[in-house]
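Engineer:
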Amino acid sequence: MPDNASVSPEEAFSVLGNELRTAILQAFAEAERDGTNGLTFTAIYDRVPVDSTSQLSYHLDMLDEIFLYKDDQEYALTQAGDKVVRAILSGTYSERPSFESTRLEGRCPACESVSLRADYRERGLVVVCTDCDTQIVVYDLPPAEAKDRSSTEILRSCDQRIHHEYATALRGTCTACGGRTSVEIDSEDGPGSTEHYCIARCRSCYRQVFAPLYVRLLYHPAVVVFYWKRGVDISSVPFWEISEYVRNWSTEVIEERPFRAHVTVAYEDAEMQLTVDGALDVSLPTSRGSKPDT
């Protein structure tokens, strides 16, 4: 492999097309599990089913500078090597998750039905309304997340992860690759109203995250405190139940281009107003309503 570490994706993936090389990468993960971060040539030789030292040298050279690097007398995983071996061990490329259809408590934002169900479909884990078939939320479901968990535990795990991913992506960082996301607000006309939603697009890997506008506000400290004072940890309410807590929110658009709107956060008999702009920056709130936010 050339000294220059910049290689094409085709070259990098072709290196992985060998059973012994993937076994070498897995040996590093297993060593880390046992408390060892690097492996010498001899240690690698002892851990993988290789016929000779010359054969091992050849395969290490193929992995070097892409999935492994050498520091003094030890080899270690590069960032790319670490990502690949975690994906291999977690079954990302080789396994299909299983999930038992589960009925859920919650309310459909489209028809107000309280009959929801979670099923695994080809696109992922989907929570739908059984009356109108509206999709409430779709989660990707990695095989490892479905292991050793009940259906309820799988749903909670997915929801916690997606809460984190939404919060991070809408604040400018892609959770898939760490690249910078560009954020904007768009709208869609619905029956009797206009729905505003956020879009976060990664400039590096092109991953896109779409979410209703209120999702950006769920993680604002003022909103978290507002609900916390009323006995609700809003940042951990599962998305299939969230409509119960945001159904009385309202949005007043002040400007379309550049976007600027007042969002009234309402729960029980209290209200709080926030201002959000097209970059998803949120201003400090002012208290309103019959029950001030105190």
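In the numbering used here, the protein residues as written are 675 to 968. Where is the CB? At the ideal position from N, CA and C, for every residue including glycine. Owing to the predicted nature of the structure, the values given are computational and were not obtained by experimental measurement.
(1) Exposed or buried, what is residue 785 when buried is set at 16 or more other beta-carbons lying within 10 Å of its beta-carbon?
(2) Scan the stretch 725 to 791 and note each continuous beta strand (DSSP E) run of 3 residues or more that stays entirely inside, going in chain order.
(3) In angstroms, rounded to a whole number, what distance separates the CA positions of residue 918 and residue 789?
(4) Answer yes if the stretch 802 to 821 comes into contact with the stretch 850 to 867, meaning at least three C-beta pairs across the two stretches below 8 Å, and no otherwise.
(5) Indicate the three-state DSSP secondary structure (helix, strand or coil) for residue 856 in the structure shown.
(6) Do residue 883 and residue 840 have their CB atoms nearer than 8 Å?
(7) When you compare the CB positions of residue 891 and residue 950, do they come within less than 8 Å of one another, or not?
(8) In angstroms with no decimal places, state the Cα-to-Cα distance between residue 843 and residue 875.
(9) I think residue 734 touches residue 742, with their Cβ atoms under 8 Å apart; what is that distance to the nearest whole Å?
(10) May I have a chain-ordered list of the beta strand (DSSP E) segments no shorter than 3 residues that lie completely inside the stretch 882 to 965?
(11) Please report how far the alpha carbon of residue 939 lies from the alpha carbon of residue 805, in whole angstroms.
(12) Buried or exposed, going by whether 16 or more other CB atoms sit within 10 Å of the CB of residue 894?
(13) Could you check where the beta strand (DSSP E) with residue 813 kicks off and where it finishes?
(14) Candidates 702, 829, 736 and 701: which alpha carbon is nearest residue 692's?
(15) Short of 6 Å in beta carbon distance, which residues of its chain neighbour residue 712, apart from the five on each side in sequence? Order them along the chain.
Structural biologist: A quick look at the data gives this:
(1) exposed
(2) 742 to 745, 748 to 751 and 776 to 778
(3) 14 Å
(4) no
(5) strand
(6) yes
(7) yes
(8) 8 Å
(9) 7 Å
(10) 882 to 886, 924 to 929, 934 to 941, 944 to 951 and 960 to 962
(11) 28 Å
(12) buried
(13) 809 to 813
(14) 736
(15) 748 and 750
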